[in-house]
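To start, the structure itself, in structure tokens.
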Amino acid sequence: MTTVLKKISLEKQTIELPGTRKPGQTGIYRHPLYADKLVISSNPKITTLYENFRYGLKISKDRPFLGTRVIDPKTGKRGVYVWQTYRQVANRVTNLGSGLVHLAETVARLPKLEKFPVGIWSTNRPEWCIADTACSSYNLFTISLYDTLGPDTVEYVINHAEIPILITSADHIISLIQLSPKIPGLQIVISMDSLEDDATKWAAPNIPTKASALKAWAAEKGIYLIDITAVEELGKKNKRKHNPPKPDDLACIMYTSGTTGVPKGAMLTHENFTASASGTTFTMPFRQEDVVISYLPLAHIFGRMCDLSAIKIGAAIGYFSGDINLLVEDMQTLRPTVMISVPRLLNRIYAKIVSSSVEAPGVVGILARKAVADKLANLEAGRGFTHPIWDRLLFNKMRLALGGRVRSICCGSAPIAKEILSFLRIAFCCEIYEGYGATETCATASVTHPGEYRGGHLGSSFPCNEIKLVDVPEMNYLATDPYPRGEICIRGKNVFVGYYKDPKKTEEALDKEGWYYSGDIGMIDERGAIVIIDRKKNIFKLAQGVLQVWDSLNWRVMLYFLEIMHGTPYSRRFTWCSLNPLTHFPVHGDSLQNQLVAIIVPDPLVFVPFGQKVIGVKRPFEELVRDDRVRKATLVEMDKTAKEGGLQGFECVKAIYIDTVPFSIENDLLTPTLKVKRPQCAGKYRIEIDALYRELMESAKDGNQLLAKL
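Numbering (full-length UniProt numbering), first residue to last: 1 to 710.
If you want it as structure tokens, here you go:
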């Protein structure tokens with residue numbers, strides 16, 4: 001089975017519904033092919049996640065469904081992918097679901113055996129999908145926890161969601177037992193990994209094995225510990241009929257990562273998910289014969305919607321090995337046809353391809369630059385991303401980095417530079433869609449169209465939702481602007497029903513007409529496409545906000561835009577910046593200061609050659625970042641990129657501190673969705689930031705003294 005996509009004119013990307021304009025806001029914009037009626041479901045028989053899986057089962061039965069790489073027990077090396085079929089998974093789903101309900105009745109003694117929460121805490125793997133599907137088959141709702149969450153957040157989510165049963169990978173069991181006094185509501189922990197080990201085969205009488213000791217420790221803390229195989233066996237002996245949910249039943253509570261404060265639990269119904277999945281398959285091609293690589297966290301709405309869309313069409317899902325450093329190897333083994341990604345990964349792939357092709361010395365570099373120039377010219381002229389000669393000579397080899405079969409990539413979660421987007425389209429000879437959404441909109445809001453050759457925009461709304469822009473007068477964004485601007489608001493069956501136990505925040509996010517206020521500032525461009533131009537929460541005023549020259553005009557600087565502009569190469573004229581991509585690049589502004597500073601963590605692979613070229617001798621990464629000559633040269637390159645990108649002087653970073661340690665979830669500088677935690681970042685680098693501002697002040701004094709002498 002294949003999803004048939006209808007062609008649209010790229011020159012008319014949205015339709016504004018007549019008569020829908022109101023004071024202070026634009027009219028309502030819809031997908032041009034679905035302007036008459038929003039999509040609730042692409043198939044009237046699919047209204048819940050239960051029906052979503054059953055339909056995939058019906059059309060794919062004994063076709064491959066969930067795949068993982070086998071590990072050689074002798075060498076420890078990973079081999080080929082081994083698959084479970086749709087029919088095999090269906091049997092496991094029934095057994096696990098029956099076992100869950102049986103445990104809820106006999107061990108947890110819950111007052112009702114439906115609509116209670118089940119936690120899932122692990123990296124992507126088949127058991128994640130099987131557990132999630134088992135819950136939807138028996139009208140239970142899931143709470144997904146990021147694999148990398150710290151104990152404080154785990155404690156908060158388990159208590160806030162009142163989770164009685166949690167399914168997890170074995171590496172989290174000990175931390176859960178240690179945390180048990182603080183999470184008294186958690187009664188049952190189910191390990192995805194076997195709790196039996198080789199020690200049981202030769203253990204002497206009365207000497208506890210590792211598994212039995214762990215179970216005894218858990219029992220002592222009031223937790224019933226069991227593994228998933230035992231639960232499935234329990235379910236096989238105590239079979240229960242499926243208890244399908246209704247469309248408006250809760251499918252999950254998905255906690256947003258948030259850069260500040262405690263996570264918010266977005267309540268998402270089965271109708272939310274099926275509307276979003278239908279909108280996805282109407283705008284991006286999924287085929288029954290597709291193989292999808294699953295590595296973006298399933299606790300994040302973007303990764304989860306990708307897998308659910310694949311299930312809907314009966315496609316195969318291959319899971320990565322759990323280590324992002326092995327992802328390329330996994331892809332070359334799996335050879336996927338569809339890839340869902342985020343800019344951070346694509347930026348790194350881009351940098352490696354550029355360094356081995358366009359920036360290569362000699363004949364290789366000359367040919368690569370010529371090939372890239374020809375293909376980019378074709379792309380910008382709307383003639384597609386393929387070339388009869390250059391693809392055979394060069395780009396088919398680049399495609400092998402992703403396995404050689406990828407025909408479509410969808411990028412979301414954060415903006416990606418349009419130059420990188422264009423380069424990757426011609427490098428991988430495939431469609432690359434850029435999407436926009438949120439947890440609250442079930443990952444879908446807008447997406448680019450098939451055949452798109454321009455970057456820097458987000459196409460039109462998905463068929464399942466509509467969009468309007470609302471004035472933000474304090475930032476001078478108005479619906480009456482030549483190109484309408486304002487806060488992006490989204491409405492449709494994909495929009496969540498509210499935040500769990502938080503009516504105040506729900507009221508702030510959702511109005512009475514069902515519009516979700518995103519906090520993002522958008523614009524409708526000359527082709528009707530949606531462009532993200534700002535973010536309300538990222539705005540601050542510099543000290544020169546009130547300038548005599550400009551009267552009382554308040555300069556506002558959007559941090560994320562500046563980071564994207566400074567941190568990615570402006571390659572239209574092949575001025576390849578050797579510093580990019582920067583692994584992390586948070587811009588810091590202070591309302592008491594009139595200039596911007598930044599902390600950067602460069603990629604050693606591209607930074608070391610640059611630094612060594614600057615100083616003329618070979619030095620390790622740790623020495624180069626401390627060399628003032630290298631730091632100044634880095635700032636010069638960043639300034640070039642910023643000016644080529646059209647930034648004004650006050651928007652350019654004036655001083656930088658270079659660090660060697662990447663931001664991570666572990667050092668509390670990134671959220672689980674890899675967004676920078678600005679308050680924590682500012683706190684960690686407070687001394688360095690203050691030093692940068694002192695440096696700028698001293699430089700200004702020296703400049704003033706020089707002017708006085710002149």
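C-beta atoms are modelled at their ideal positions from N, C-alpha and C, and glycine is treated no differently.
Because the structure is a prediction, the values reported are computed rather than measured.
### Task
State buried or exposed for Met284, treating a residue as buried only when at least 16 other CB atoms are found within 10 Å of its CB.
buried
#### Entry: Neighbourhood of Arg125 by C-beta distance below 6 Å, restricted to the same chain and skipping five residues each side
Tyr319
### Query
Expressed to the nearest angstrom, what Euclidean distance is found between the alpha-carbon atoms of Ala642 and Val653?
9 Å
### Message
Less than 7 Å between C-beta atoms, sequence neighbours within five positions excluded: which residues of the same chain meet that for Leu696?
### Response
Cβ contact annotation for Leu696 (same chain, cutoff 7 Å, sequence separation greater than five): Gln595, Lys654, Ala655, in chain order.
### Query
How would you call Ile467, buried or exposed, if buried means at least 16 neighbouring beta carbons within 10 angstroms?
buried
### Query
Whose CA, out of Thr20, Pro18, Glu11, Gln25, lies closest to the CA of Pro473?
Gln25
### Query
Ends of the beta strand (DSSP E) at Glu434?
431-436
### Query
Helix, strand or coil for Lys22 per DSSP?
strand
### Query
Apart from the five residues on each side of it in sequence, which residues of its chain come closer than 6 Å, Cβ to Cβ, to Asp62?
Within the same chain, Asp62 has close Cβ partners Thr85, Arg87.
### Task
Within its chain, find whatever has a CB closer than 6 Å to the CB of Phe621; leave out the 5 residues flanking it on each side and keep chain order.
In the same chain as Phe621, and ignoring 5 residues on each side of it, the C-beta atoms closer than 6 Å to its own belong to Pro604, Val608, in chain order.
### Task
Note down, in chain order, each residue of its chain lying with its Cβ closer than 6 Å to the Cβ of Pro484, except the 5 sequence neighbours on either side.
Thr26, Leu469, Ile524
### Message
Distance check for Cys464 and Ser169, CA to CA, integer angstroms please.
### Response
35 Å
### Query
Could you give the residue range of the alpha helix (DSSP H) that holds Trp515?
Looking at the DSSP string, Trp515 is not in any alpha helix (DSSP H), and its letter there is neither H nor E.
### C-beta contact flag for Arg626 and Val614 at 7 Å
no
### Message
Once DSSP output is grouped into helix, strand and coil, what is the label at Phe282?
### Response
helix
### Task
Starting from Cys411, follow the beta strand (DSSP E) in both directions and report where the run begins and ends.
408-411
### Task
With DSSP collapsed to three states, give me the class of Ile223.
coil
### Query
Which class does Ile293 belong to by DSSP, given the choice of helix, strand or coil?
The answer is strand: DSSP assigns Ile293 an E or B state.
### Message
Quick check on the DSSP output: the alpha helix (DSSP H) that includes Pro244 runs from which residue to which?
### Response
Per DSSP, Pro244 belongs to no alpha helix (DSSP H) and is neither H nor E.
### Query
What first and last residue would you give for the beta strand (DSSP E) that runs through Met638?
Careful: Met638 lies outside any beta strand (DSSP E), inside the alpha helix (DSSP H) at 628-644.
#### Entry: Where Ser137 sits in the DSSP three-state scheme
Helix.
### Task
Mind checking who Lys468 pairs with in its DSSP beta bridge?
Cys489
### Query
Rounded to a whole number of angstroms, what is the C-alpha to C-alpha distance between Pro482 and Thr20?
18 Å
### Message
Considering just the uninterrupted stretch of the alpha helix (DSSP H) at Ser356, what are its terminal residues?
### Response
343-356
### Message
Would Leu394 pass as an interface residue toward chain E - the criterion being a Cβ-Cβ separation below 7 Å?
### Response
Among the protein chains of the structure shown there is no chain E, as only one such chain exists.
### Query
Does DSSP put Asn106 in a helix, a strand or coil?
The sequence given here places Thr at residue 106; Asn does not occur at that position. Reduced to three states, the DSSP call for Thr106 is helix.
### Task
Assign Ser461 to buried or exposed, taking buried as 16 or more other Cβ atoms, counted over all protein chains shown, within 10 Å of its Cβ.
buried
### Delimiting residues of the beta strand (DSSP E) encompassing Asp152
Unbroken run through Asp152 is the alpha helix (DSSP H), 151-161; no beta strand (DSSP E).
### Backbone CA spacing between Gln332 and Phe53 [nearest angstrom]
28 Å
### Task
On a CA-only basis, which of Ile349, Ile183, Pro343 is nearest Val328? Give me that one, please.
Ile349
### Beta-carbon proximity of His270 to Thr48, cut-off 7 Å
Against a cut-off of 7 Å, the Cβ pair of Thr48 and His270 comes out as a contact.
### Message
Taking the alpha helix (DSSP H) that Ala509 belongs to, which residues open and close that run?
### Response
503-509
### Rounded distance between the beta-carbons of Leu145 and Ile167, thought under 8 Å
Ile167 to Leu145, Cβ: 10 Å. No contact.
### Task
Excluding the 5 residues preceding and the 5 following Met339 in the sequence, name in chain order all residues of the same chain whose CB lies nearer than 7 Å to its CB.
Ile293, Leu402, Val406, Ile409
### Task
Please confirm if the segment 422-429 is in contact with the segment 360-379, defined as three or more CB-CB distances below 8 Å between the two stretches.
yes
### Query
Which residues in the same chain have their Cβ closer than 6 Å to the Cβ of Val118, if we skip the five residues on either side of it in sequence?
Cys135, Leu140, Thr142, Ile165
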